[in-house]
Amino acid sequence: MSVSVLSTTRALGSVSGLLQVASLLGLVLLLLKAAQLYLRRQWLLKALQQFPSPPSHWLYGHMQEFQEETELQPLLKWVEKYPSACARWLWGTKALVLIYDPDYMKVVLGRSDPKSHDSYRMLIPWIGNGLLVLEGQTWFQHRRMLTPAFHYDILKPYVGVMADSVRVMLDKWEELVSLDSHLEVLGHVSLMTLDTIMKCAFSHQGSIQTDRSVTTLSCALSPPAHLSCKSTISFRVMEGSSHGGSWAFCAHCPYYHGYHQSSLSPPCPTGVPLSLFFYGLHHNPKVWPNPEVFDPSRFAPGSSQHSHAFLPFSGGSR
């Protein structure tokens, strides 16, 4: 009986010793990780000290500033206070640099650094492994093949096609506004975009915006229909007329060009992520005085502006 009790005591002592050793190792690892995070944060604070930013919490970063308001409004306040760039702390040791200065934009967009895998891989399930997410030699080959298809002379005839789709949408709006004083435009604009793509890319006849037949819905929802469209893609050259817009009309109307450019501006250290804040660039008072004022004269011929002050479609190799 005494031998059994002694064996049990020894076993419990061994288990207790192992637990103590495991606890000690866990505590040591926890302290090492805490020291690593502390040193990382101190390095970030030193590396980002040239980029001013509002005071941040050591754990929550700037998250508390975006709880009550929409995210863009606090960011625009930062743009006004820090006119070139600022650091945004996400949490703990996670921070990024927001840039919205034309000179910074020009330098960054002119580089050919590798794309961020963490950011771009989220797009693959949505758009596939296409030109946007490719890089290196594969990206260069695909870009070289696609560039001729997007030459200005090829795109000019499609201005009239887009104008037709917009006209259909505006006609619908006139009917709907007469029935109600409020109109949600997001769905209509999305449908107009789809209508334009179907006409330009797939030579679709008719208007998706007005056709509500079962056949149209069936074709839109059927994958074989998409495959059939892809196999018979053809591009048509359409001529502008007095009934629709054309590229020549845009080229000979400077004010229209400025109006169009204004409408494209939405009312949207090593190891540190860099975020190109295009919305902040287009609403930066240092770059655009009175940015909230709709002023087509900003884009009038002869107006002086930085080459990278207005980037509705990015620029450079990106």
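Numbering (my numbering), first residue to last: 1 to 318.
Glycine included, C-beta positions come from ideal geometry on N, C-alpha and C.
Taking glycine 315 as reference, the option from Asp153, Met105 and Leu176 with the minimal CA-CA separation is Met105. Between arginine 88 and serine 53, the CB-CB gap stays under 8 Å.
Glycine 302 and proline 296 have their alpha carbons spaced roughly 13 Å apart.
With a beta-carbon spacing of about 7 Å, glycine 92 and arginine 41 fall inside the 8 Å limit used to define contacts. With contact defined as three or more Cβ pairs closer than 8 Å, the segment 163 to 174 and the segment 188 to 197 are in contact.
For lysine 94, no alpha helix (DSSP H) segment is defined; the enclosing uninterrupted segment is the beta strand (DSSP E) at 94 to 99. Contact annotation: proline 83 and asparagine 284 have beta-carbon atoms nearer than 8 Å. Between threonine 196 and valine 161, the gap from beta carbon to beta carbon is short of 8 Å. For the alpha helix (DSSP H) assignment, the uninterrupted runs of no fewer than 4 residues enclosed by the segment 95 to 151 are, from N- to C-terminal side, 102 to 109, 117 to 120, 124 to 127 and 136 to 146.
Pairing leucine 123 with valine 108 gives a Cβ-Cβ distance that is not under 8 Å. In this model, alanine 201 and leucine 72 are separated by some 34 Å (Cα to Cα). Exposed is the label assigned to alanine 22, since fewer than 16 other Cβ atoms lie within 10 Å of its Cβ. The residue from Asp164, Lys81 and Arg143 with its alpha-carbon nearest to that of glycine 206 is Asp164.
The shortest CA-to-CA distance from tyrosine 38 to any of Gln49, Gln20 and Leu59 is the one to Leu59.
Beta bridge pairing from DSSP links serine 275 with Leu98. In the three-state scheme derived from DSSP, where H, G and I count as helix and E and B as strand, tryptophan 78 is classed as helix.
In this structure, proline 269 sits near alanine 47, with a CB-CB distance shorter than 8 Å. Sorting Val293, Ser116, His282 and Leu24 by C-alpha distance to the C-alpha of histidine 308 places His282 at the top. The continuous stretches of alpha helix (DSSP H) do not include leucine 90, which lies in the beta strand (DSSP E) extending over residues 85 to 91. Separation of the CB atoms of alanine 85 and phenylalanine 51 is rounded to 5 Å, and the pair is thereby assigned contact status at 8 Å.
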